[in-house]
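A.B. asks: Chains as they are written, first to last, in our numbering: chain A, 4 to 203; chain B, 3 to 196. Beta carbons are placed, not taken as given, at the ideal position from N, Cα and C, and that holds for glycine. Can you keep this structure in mind? I'll have questions shortly.
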Amino acid sequence: MSEGVPLGGATAETGRAVREHHRVGLLAIFAAFYGLGVTSFGGNTAAWIYHRIVRRRHWINDVEFLSDVALGRIMPGSGGVNLTVQVGQRLRGSAGPVAAVGGLLSGPLVIVVGLALAYTRIGLSPAVHGVLDGIAAAAIGLTFATGLKLLPSGPARFGPLAIAFATVLCVGVLRWPMLPVVLCLAPLSIGLALVQRRSA
Amino acid sequence: MVVFVPLSLLSIGGGASLLADMEHQSVTVHGWTTPREFADLFAISRAAPGPGTTLSALIGWKAAGWRGAVTATIALYLPSSLLVYGAARLWGRWRGTVWHTAVERGLSPVAAGLLLSGGIAVLRVSPGGDLGRGNRGDGVVAALATAAPVGTFRHMRRPVRAGRAVVNFNPRPEATGTISGRVRNAQILDLRIL
Chain A
4 MSEGVPLGGA
14 TAETGRAVRE
24 HHRVGLLAIF
34 AAFYGLGVTS
44 FGGNTAAWIY
54 HRIVRRRHWI
64 NDVEFLSDVA
74 LGRIMPGSGG
84 VNLTVQVGQR
94 LRGSAGPVAA
104 VGGLLSGPLV
114 IVVGLALAYT
124 RIGLSPAVHG
134 VLDGIAAAAI
144 GLTFATGLKL
154 LPSGPARFGP
164 LAIAFATVLC
174 VGVLRWPMLP
184 VVLCLAPLSI
194 GLALVQRRSA
Chain B
3 MVVFVPLSLL
13 SIGGGASLLA
23 DMEHQSVTVH
33 GWTTPREFAD
43 LFAISRAAPG
53 PGTTLSALIG
63 WKAAGWRGAV
73 TATIALYLPS
83 SLLVYGAARL
93 WGRWRGTVWH
103 TAVERGLSPV
113 AAGLLLSGGI
123 AVLRVSPGGD
133 LGRGNRGDGV
143 VAALATAAPV
153 GTFRHMRRPV
163 RAGRAVVNFN
173 PRPEATGTIS
183 GRVRNAQILD
193 LRIL
């Protein structure tokens, strides 16, 4: 797989290899996503999943991750939960998503209701807001770092890079609706991948 | 909690219309929350960890206690999750074919673009990045200050620690928006980040 668009160095091809060597336990999946759930402040679950599941644990590789991100965003529902379902499915078939999503949501569920309780009793102080804003900034930073890290690289990168920048321009800067943009750019990009594969 | 099941399937793209629908259903149709309570719950759900749509759990909790919270969460996530699971399974069947590889690789740059766009979208509504509040710089500086070390160190080891450092340097904590301000801004945002 040296042709095409190599991504992310060491982790790029390790996902499946790790999975084939030893099956990841359901409890491990639950624990990993539970830890991720209760610490993933700031909203963008995908960036946290990349950091914890791909970079740290190498359970899936960069290409698999990105493919799941794209599908998770264009399907109905929360992009983060959809991504979690797919990662779980890759890891352990039908039981994987149950463990992963259960882990992801159970912690925040308790925390958010606890916060609401605390809020109705005492209200949220400005200091708390300050801390939360700092954490949110960190999450935004992490999101940018993840996106930049996963930009296409390697000798055949120019076409895919153009696609990535077009996506950022349309969705991020011009704020066009995401679905039509993806439905236009994805076939283009897939066609490009096919052509590059053939000429490689 | 019949309300959240259709919402689950309607919220394509992270739910541009999800928040508005949720508000309509819980405030106007069912009277579970007042508009003011809804705004507060929204702010709380954004402050908590986890996927942004934990708001549904809060509305469920408001309406029917703990059981409501759990039911609302399941109702919101289960249908879409089943759909994605089905798609993922179907997809896995073609693993190893030329098409499978091409599609996964073709989706990569689009997904990277979407991640960056998500970052821009959050930055837009985040405190310090508030539109028209005149202190946009804070949020940008904080986000970049975090992105730089986290992105540069090859293993991206400690985003939270980097973030904590940023918290300590948060230049103007008093510049943070009020709850209603946040909700207004979040409504400008098309919630693609959820």
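Along the chain, which unbroken stretches of the alpha helix (DSSP H) at least 4 residues long are found entirely within the stretch 63 to 139 of chain A?
C.D. replies: DSSP runs (the alpha helix (DSSP H)) wholly in the stretch 63 to 139 of chain A: 65 to 77, 82 to 95, 98 to 125.
A.B. asks: May I ask you to report which of helix, strand or coil DSSP gives L32/B?
C.D. replies: Translated into positions along the second sequence, residue 32/B becomes position 30. Checking the sequence, you will find His at residue 32/B rather than Leu. In the structure shown, H32/B sits in coil (DSSP, three-state: anything other than H, G, I, E or B).
A.B. asks: Closer than 8 Å by beta-carbon distance: list the chain A residues that pair up with E106/B, in chain order.
C.D. replies: One-based indexing of the second sequence puts residue 106/B at position 104. Ordered by position in chain A, the residues that pass the 8 Å Cβ test against E106/B are V66, E67, L69, S70.
A.B. asks: Tell me the rounded alpha-carbon separation between F155/B and A50/A.
C.D. replies: Locating residue 155/B in the second sequence gives position 153, counting from the first residue. Locating residue 50/A in the first sequence gives position 47, counting from the first residue. The predicted position of F155/B is uncertain, since its pLDDT is 39 and thus under 50; no value can be drawn from it.
A.B. asks: Using beta carbons (cut-off 8 Å, strictly below), is P155/A in contact with chain B?
C.D. replies: Locating residue 155/A in the first sequence gives position 152, counting from the first residue. Yes, because at least one Cβ of chain B sits closer than 8 Å to the Cβ of P155/A.
A.B. asks: Can you have a look at T149/A and say buried or exposed, based on whether 16 or more other CB atoms are within 10 angstroms of its CB?
C.D. replies: Against the first sequence, residue 149/A aligns to sequence position 146. Under this definition T149/A is a buried residue.
A.B. asks: I believe S47/B touches V88/A by the beta-carbon criterion, under 8 Å. Please report the beta-carbon distance rounded to the nearest angstrom.
C.D. replies: Counting from 1 along the second sequence, the entry for residue 47/B is found at position 45. Counting from 1 along the first sequence, the entry for residue 88/A is found at position 85. Not quite, the Cβ-Cβ distance comes to about 21 Å (not below 8 Å), so this is no contact.
A.B. asks: Could you list which residues in chain B have their beta carbon closer than 8 Å to that of P158/A, in chain order?
C.D. replies: One-based indexing of the first sequence puts residue 158/A at position 155. The premise fails here: P158/A is roughly 14 Å from chain B at the closest Cβ pair, so nothing lies under 8 Å.
A.B. asks: Report yes or no: is there a C-beta of chain A within less than 8 Å of the C-beta of R38/B?
C.D. replies: Residue 38/B sits at position 36 when you count from the first residue of the second sequence. Chain A contact via Cβ: absent.
A.B. asks: For A114/B versus A196/A, is the C-beta distance shorter than 8 Å?
C.D. replies: Along the second sequence, one-based indexing puts residue 114/B at 112. Along the first sequence, one-based indexing puts residue 196/A at 193. It is not a contact, given that the beta carbons lie outside the stated cut-off.
A.B. asks: With a Cβ-Cβ cutoff of 8 Å, do R83/A and P53/B count as a contact?
C.D. replies: Residue 83/A sits at position 80 when you count from the first residue of the first sequence. Residue 53/B sits at position 51 when you count from the first residue of the second sequence. Looking at the sequence shown, residue 83/A is not Arg but Gly. The answer is yes: Cβ separation under 8 Å.
A.B. asks: Can you give the Cα-Cα distance for R124/A and D65/A, rounded to whole angstroms?
C.D. replies: For the purposes of this step, residue 124/A is identified with residue 121 of the first sequence, where counting begins at 1. For the purposes of this step, residue 65/A is identified with residue 62 of the first sequence, where counting begins at 1. Spanning the two alpha carbons is a distance of roughly 45 Å.
A.B. asks: Identify the contact partners of R26/A in chain B, using a Cβ-Cβ distance below 8 Å as the criterion.
C.D. replies: Taking the first sequence and counting its residues from 1, the one referred to as residue 26/A is at position 23. Here the premise fails: no neighbours, minimum Cβ distance about 16 Å.
A.B. asks: Please report whether the beta-carbon of I122/B lies at a distance below 8 Å from any beta-carbon of chain A.
C.D. replies: Within the second sequence, numbered from 1, the residue matching residue 122/B stands at position 120. Closer than 8 Å: yes.
A.B. asks: If I measure Cβ to Cβ from V184/A and keep anything under 6 Å in the same chain, skipping five residues before and after, which residues do I get?
C.D. replies: Residue 184/A sits at position 181 when you count from the first residue of the first sequence. So the list reads C173, V174, once near-sequence residues are dropped.
A.B. asks: Need the endpoints of the alpha helix (DSSP H) that V185/A sits in, please.
C.D. replies: Numbered from 1 along the first sequence, position 182 holds the residue referred to as residue 185/A. Segment 181 to 202, the alpha helix (DSSP H) holding V185/A.
A.B. asks: If you follow the alpha helix (DSSP H) that L177/A is in, where does it begin and where does it stop?
C.D. replies: Taking the first residue of the first sequence as position 1, residue 177/A is located at position 174. It is not in any alpha helix (DSSP H) - L177/A carries neither H nor E in the DSSP assignment.
A.B. asks: Helix or strand or just coil, what does DSSP make of T146/A?
C.D. replies: To locate residue 146/A, count along the first sequence from 1; it is residue 143. Helix at T146/A.
A.B. asks: Are the CB atoms of L39/A and L118/A within a distance shorter than 8 Å?
C.D. replies: Counted from its first residue, the first sequence places residue 118/A at position 115. Counted from its first residue, the first sequence places residue 39/A at position 36. No; because the gap between Cβ atoms is not below 8 Å, this pair is not in contact.
A.B. asks: Leaving out five residues on either side along the sequence, give the residues of the same chain with a beta carbon under 7 Å from the beta carbon of T35/B.
C.D. replies: Residue mapping note: residue 35/B aligns to position 33 of the second sequence, counting from 1. Same-chain partners within the cutoff: S28, V29, L43, I61, K64.
A.B. asks: Check whether the Cβ atoms of A167/A and P81/B lie closer than 8 Å to each other.
C.D. replies: Counting from 1 along the first sequence, the entry for residue 167/A is found at position 164. Counting from 1 along the second sequence, the entry for residue 81/B is found at position 79. Their beta carbons are not under 8 Å apart, which means A167/A does not touch P81/B by this criterion.
A.B. asks: Might you give, ordered along the chain, the residues of its own chain that have their beta carbon closer than 6 Å to the beta carbon of G91/A, omitting 5 neighbours on each side?
C.D. replies: Here residue 91/A is taken as the residue at index 88 of the first sequence, counted from 1. Excluding residues within five positions, the ones whose Cβ falls inside 6 Å are G99, P100, A103.
A.B. asks: Mind pulling the chain B residues with CB within less than 9 Å of S161/A?
C.D. replies: By 1-based counting over the first sequence, the position of residue 161/A is 158. For the sequence presented, residue 161/A should be read as Phe rather than Ser. What F161/A touches in chain B: nothing, since even the nearest Cβ is about 11 Å away.
A.B. asks: Quick one: what's got a C-beta closer than 7 Å to N47/A's C-beta in the same chain, skipping five residues either side?
C.D. replies: What you label residue 47/A is simply residue 44 of the first sequence in a count that begins at 1. Around N47/A: A142, T146.
A.B. asks: When DSSP labels each residue in this structure, what does F44/A get in the three-state scheme?
C.D. replies: For the purposes of this step, residue 44/A is taken as residue 41 along the first sequence, with counting starting at 1. Of the three classes helix, strand and coil, the one that applies to F44/A here is coil, per DSSP.
A.B. asks: If you draw a straight line from the C-alpha of S202/A to the C-alpha of G94/B, how long is it?
C.D. replies: Your numbering for residue 202/A matches position 199 in the first sequence. Your numbering for residue 94/B matches position 92 in the second sequence. Cα to Cα, S202/A sits roughly 26 Å from G94/B.
A.B. asks: Could you give the C-beta distance for S70/A and E106/B, rounded to a whole number, given that I count them as a contact under 8 Å?
C.D. replies: Against the first sequence, residue 70/A aligns to sequence position 67. Against the second sequence, residue 106/B aligns to sequence position 104. Between E106/B and S70/A the Cβ distance is about 4 Å, and since that is below 8 Å, they are a contact.
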